[in-house]
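Reading through the C-alpha cells given below for one structure.
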C-alpha cells in the first residue's frame, strides 16, 4: 500500500457538463441565478421560521433544518462548477475530490433521515392528533435532527473508509462536474468491480428502502384524510402533497444513479444536476407557495423589513 501512496495522483480532471462555449455561458448565467435564488430562498425560510413565534412548531422546526441542509447540499459543488465554466483545464485536488464525496454523502444521508422524520411528524399530526403534542416534543425534534446528522456522518464515513485506501495511480479524468463515488472508484488501479458495486449499491438500496418507507407513510396519511372534507383536512392534504413532491424529486435521481452504479450515461449528469441544484432550489418554492402559514409569515417579514428600511432612509423635502 505504501508503494501506491507514492504514486497516488495529486489531482483529478473534471470534464464538466459541456465543451461548447455558448452552452457554458448559458449554464453559467442559469446556474448562477439558480444558486443565488436557492441560497436566498432557503435563508428566507430559515430566518422566517426562527423569527416567527407561531411557526415554532415541530413541522416548521424540521422544515428549517431541511432548508439548512439544502443550502449545504447546493454549496458543496455548485460554486466550483460555476467558476469552472471560465476555466479551460478544470481540475480538483485529490483532497478536494475526497471532500466533495464526503459532503455529498453527508448531506444526502442527513436529508434522507430528515425527510423520514418529517413524514413521521405528519403521520402523528394527522393519524394521532390527540397525542401529537405529547409525542412530538421539543426533545424528540432535536433528537430527530441530531440523529439525521449522525446517520449522515456514519454513512459518509463508511463510504470514505472504502475509498481512501484505494490506489489511484493512473487515470484521473472524472466525467462530471464534481467527484462522485461511482465515477471516482472506476479510476482505481486495482480491480474492485464487485466490491465497488456492493459498496455503491448500498447507498442505492438505502435510498430505495427509505423511499418505499416514505411512500407507505404518505399513502397511510392520505387514506386517513381522504374521507374528510374539512378545511383542516384540505390543509393536511396540501401539506402532505408538498412533502411528497420534495421526497420524489430528491429520491428518484439518487435511486437511479446508485442502484445501477458504474455506468457512464449522459442522464447521470442530468440527474446529478437535478438533485444537487434544482431540488434545493425548488424546495423553498414548494413550501412557500403551497403553505399559507409560511407564505403569510414571509410576506409579513418582507413588508416589515421594507418599512424598517424606509425609516432608516432620510427623506428631505423638495426645495
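Residue numbers (the working numbering): 837 to 1155. Even glycine gets a Cβ: it sits at the ideal position worked out from N, Cα and C. Being a predicted model, the structure only gives us computed values, none of them experimental.
If you compare the alpha carbons of 1073, 853, 924 with that of residue 1055, the shortest gap goes to 1073. Shown here for residue 972: same chain residues with a beta carbon closer than 8 Å to its own, the five before and five after excluded, namely 894, 957, 960, 961 in chain order.
Under the 8 Å Cβ criterion, the segment 969-983 does not count as touching the segment 931-942, having fewer than three qualifying pairs. Between the alpha carbons of residue 976 and residue 1133 lies a gap of roughly 25 Å. Residue 1111 has its alpha-carbon roughly 17 Å from the corresponding atom of residue 1041.
Annotation: residue 884 to residue 911 spans about 21 Å, alpha carbon to alpha carbon. Non-local C-beta neighbours of residue 940 in its own chain, meaning closer than 7 Å and more than five positions away in sequence, comprise 912, 1016, ordered along the chain.
Boundaries of the beta strand (DSSP E) harbouring residue 929: 927-929, taken from the DSSP string. Residue 874 places its beta carbon 8 Å or farther from that of residue 905. Residue pairing by DSSP places residue 847 opposite 929 in a beta bridge.
Residue 1008 sits close to residue 1023, with the two beta carbons spaced by under 8 Å. Distance from the Cα of residue 918 is smallest, within the candidate group 952, 887, 861, 908, for 861. Taking a cut-off of 8 Å on C-beta distances, the segment 1075-1083 touches the segment 1111-1123, as three or more cross pairs fall below it.
Counting along the chain, the unbroken alpha helix (DSSP H) around residue 977 starts and ends at 974-999. Counting only residues of its own chain and dropping the five nearest sequence neighbours on each side, residue 1061 has a CB closer than 7 Å to the CB of 962, 1069, 1072, 1073.
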